[in-house]
Each structure stands twice: as C-alpha cells, then as structure tokens.
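Quick notes on the structure that follows.
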C-alpha cells in the first residue's frame, strides 16, 4: 500500500509540474510588477502566476499549521483533564 501512495504522490507532483510548465509556456508575455517602493524587472506572466500560486500555497500551509498546533494543544489539555477525571472516579469507587 505504501508503494501505491508513493506512486500517486509522484504522479500528482508530475501533473502539477507539467501544468506549471504549460502555464509558463502559454503565458510568455513580459510583465512588470509595480509595488509601492519597488518595481520588478520584466518577467514572464507565467512565472508570476506560478510564483503567486506557490506563495499562496505556502501561506495557506503556514496558517493551517498554526490552527493545527492550537487544536493539538487543546486536545492534549482535554485528554489530560479526562485522565484526571477517570482517576478521580476510580478512587471514588
């Protein structure tokens, strides 16, 4: 089963890389991003789109990891409270 999961992950990675390459090839127009104090050099629109998508994915994973850390800590706290309650009930009986 592990080999199947690895195969699916590899195939999905190849598909994503392929889509990125096609997107970059089909959108070769040069664009320049103008920020408040800085202007980027002219780069391919496809590269801008791919980098933006990657940055969004990374930001989403970071936000999700903060949420996951909070939920894990709360779960551990509740598990500790449950264990203490079970011990008290066992002492009463």
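Numbering (my numbering), first residue to last: 857 to 949.
For glycine and all other residues, C-beta sits at the position ideal for the given N, C-alpha and C.
Just so you know, these numbers come straight off a predicted model, no measurement behind them.
query                                                                                                                                           : result
In whole angstroms, what is the alpha-carbon distance linking residue 898 and residue 891?                                                      : 13 angstroms
Would residue 883 and residue 900 be called neighbours here (beta carbons separated by less than 8 angstroms)?                                  : yes
Does DSSP put residue 906 in a helix, in a strand, or in coil?                                                                                  : helix
Between residue 918 and residue 904, is the Cβ-Cβ spacing less than 8 angstroms?                                                                : no
In three-state DSSP terms, what is residue 935?                                                                                                 : helix
My guess is that residue 906 and residue 881 are in contact by the Cβ rule of under 8 angstroms, so how many angstroms apart are they, rounded? : With a Cβ gap of about 11 angstroms, residue 906 and residue 881 do not count as contacting.
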